[in-house]
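Enquirer: Have a look at this one.
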Amino acid sequence: MGQFDGKVALVTGAARGIGQAIALKMAADGADLALCDLKAEWLEETAGKVKALGRRAECYSVDVSSAAGVDVTVKQIEKDFGKIDILVNNAGITKDGLIMRMSEADWDAVLNVNLKGVFLFTKAAMRGMMKQRSGSIVNIASIIGLIGNPGQANYAASKGAVIAFTKTVAKELSSRNVRCNAVAPGFIRTKMTDALSEEVQQKMLANIPLGRFGAPEDVANVVAFLAGDASGYVTGQVISTCGGMVM
5 MGQFDGKVAL
15 VTGAARGIGQ
25 AIALKMAADG
35 ADLALCDLKA
45 EWLEETAGKV
55 KALGRRAECY
65 SVDVSSAAGV
75 DVTVKQIEKD
85 FGKIDILVNN
95 AGITKDGLIM
105 RMSEADWDAV
115 LNVNLKGVFL
125 FTKAAMRGMM
135 KQRSGSIVNI
145 ASIIGLIGNP
155 GQANYAASKG
165 AVIAFTKTVA
175 KELSSRNVRC
185 NAVAPGFIRT
195 KMTDALSEEV
205 QQKMLANIPL
215 GRFGAPEDVA
225 NVVAFLAGDA
235 SGYVTGQVIS
245 TCGGMVM
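Numbers given in this note's numbering equal positions in the sequence shown, counted from 1, plus 4.
Written out as structure tokens, the structure is:
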């Protein structure tokens, strides 16, 4: 028996990396998955892996920054699965640059996906959760939203706002037994970090007390904890998953 048996989890940005790891962890623990990303074909690999674990997976193409698109998608998921028990807002992008050189378009693009997308999916999914008087929302923030980072003003602003949004949602929905928490990953091992020079990687590692980059699965494990009943008395919290970079 898995902790998510009989539950439906919606994961945005589920095609690769952290999003895929979250989806697979949820499936391994018994959940059926509604997988969302900008293009449905990107999700085929994740869906195949979910099905290999014996769980149902459906793919949905959606621009998380489109109010109409998100609303239609959530309604379709509720029609297909009957409900949404868990929402993981993971979709995010970066468009880095120093503030003096950052274009308005790059600022807007990052805020629209990373912040507006979280708002839209939360607003659309919370209606069903409030009606069923149960649900868990987990937002993927970042330690950059806590400490800032040169060249990432737009990303830092979006993730800092996600943290503040999380706390407000937790307060608004607590009376309906719907919880909302956030995970703030640090340096997670991805294709991007693998492409960095050994010198750069060592400099990054020097700031991590545990002495290693995180894996997508490290984040997925914390998300699963926050989504499950074991954290039933936890809401409005931000858990930094960063090897000790932020204490």
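For every residue, glycine included, the Cβ atom is placed at its ideal position computed from N, Cα and C. In this text the structure is predicted, and so the values were computed from the model without any measurement.
Starting from I26, trace the alpha helix (DSSP H) in both directions and tell me its first and last residue.
Expert: As a working note, residue 26 is residue 22 in the sequence shown. Here the alpha helix (DSSP H) through I26 covers 21-32.
Enquirer: Using C-beta distances below 8 Å, list every residue in its chain close to A18, excluding the 5 sequence neighbours before and after it, in chain order.
Expert: Taking the sequence shown and counting its residues from 1, the one referred to as residue 18 is at position 14. The residues are Q24, I26, A27, L37, L39, C40, D41, L47, T50, N94.
Enquirer: According to DSSP, L119 sits in a beta bridge with which residue or residues?
Expert: On the sequence shown, residue 119 is found 115 positions in, with the first residue counted as 1. Its beta-bridge partners do not exist; DSSP assigns none.
Enquirer: Reducing DSSP to helix, strand and coil, say where P213 ends up.
Expert: Translated into positions along the sequence shown, residue 213 becomes position 209. The answer is coil: DSSP assigns P213 none of H, G, I, E or B.
Enquirer: Considering Cα atoms alone, identify which of R180, M249, I243, M5 is closest to N143.
Expert: As a working mapping, residue 143 is identified with position 139 in the sequence shown. The shortest Cα separation from N143 among R180, M249, I243, M5 belongs to I243.
Enquirer: Sort out for me which residues DSSP pairs N158 with in a bridge.
Expert: The residue given as residue 158 occupies position 154 in the sequence shown. Beta-bridge pairing links N158 to no other residue.
Enquirer: Leaving aside the five residues before and after A219 along the sequence, list all residues of the same chain whose C-beta is less than 6 Å from its C-beta, in chain order.
Expert: Position 215 of the sequence shown, counting from 1, holds the residue named residue 219. R193, listed in sequence order.
Enquirer: Which same chain residues end up closer than 8 Å to I147 when comparing Cβ atoms and leaving out the 5 residues on each side of it in sequence?
Expert: For the purposes of this step, residue 147 is taken as the residue at position 143 of the sequence shown. So the qualifying residues of the chain are A188, P189, G190, S244, C246, M249, V250.
Enquirer: Among L119, A160, L102, V92, whose alpha-carbon lies nearest the alpha-carbon of K29?
Expert: Locating residue 29 in the sequence shown gives position 25, where the first residue counts as 1. Nearest of L119, A160, L102, V92 to K29, Cα basis: V92.
Enquirer: Are A231 and S107 touching if we call contact CB-CB under 8 Å?
Expert: To locate residue 231, count along the sequence shown from 1; it is residue 227. To locate residue 107, count along the sequence shown from 1; it is residue 103. For A231 and S107, no; Cβs fall outside 8 Å.
Enquirer: Under 8 Å, with one C-beta from each stretch per pair, do the segment 96-114 and the segment 155-168 reach the 3-pair mark?
Expert: Because the criterion of three Cβ pairs below 8 Å is met, the segment 96-114 and the segment 155-168 touch.
Enquirer: Do N181 and Q241 have their beta-carbon atoms positioned less than 8 Å apart in this structure?
Expert: By one-based count along the sequence shown, residue 241 stands at place 237. By one-based count along the sequence shown, residue 181 stands at place 177. It is not a contact, given that the beta carbons lie outside the stated cut-off.
Enquirer: When the Cα atoms are used, what is the spatial distance from G58 to E203?
Expert: As a first step, residue 58 is located in the sequence shown; it is residue number 54 there, counting from the start. As a first step, residue 203 is located in the sequence shown; it is residue number 199 there, counting from the start. Straight-line Cα distance between these residues: approximately 43 Å.
Enquirer: Could you compute how far the alpha carbon of D9 sits from the alpha carbon of R131?
Expert: Counting from 1 along the sequence shown, the entry for residue 9 is found at position 5. Counting from 1 along the sequence shown, the entry for residue 131 is found at position 127. Taking the straight line joining both Cα atoms gives about 22 Å.
Enquirer: I think S70 touches V114, with their Cβ atoms under 8 Å apart; what is that distance to the nearest whole Å?
Expert: Here residue 70 corresponds to residue number 66 of the sequence shown, with the count starting at 1. Here residue 114 corresponds to residue number 110 of the sequence shown, with the count starting at 1. That belief does not hold up - the Cβ atoms of S70 and V114 are roughly 16 Å apart, past 8 Å.
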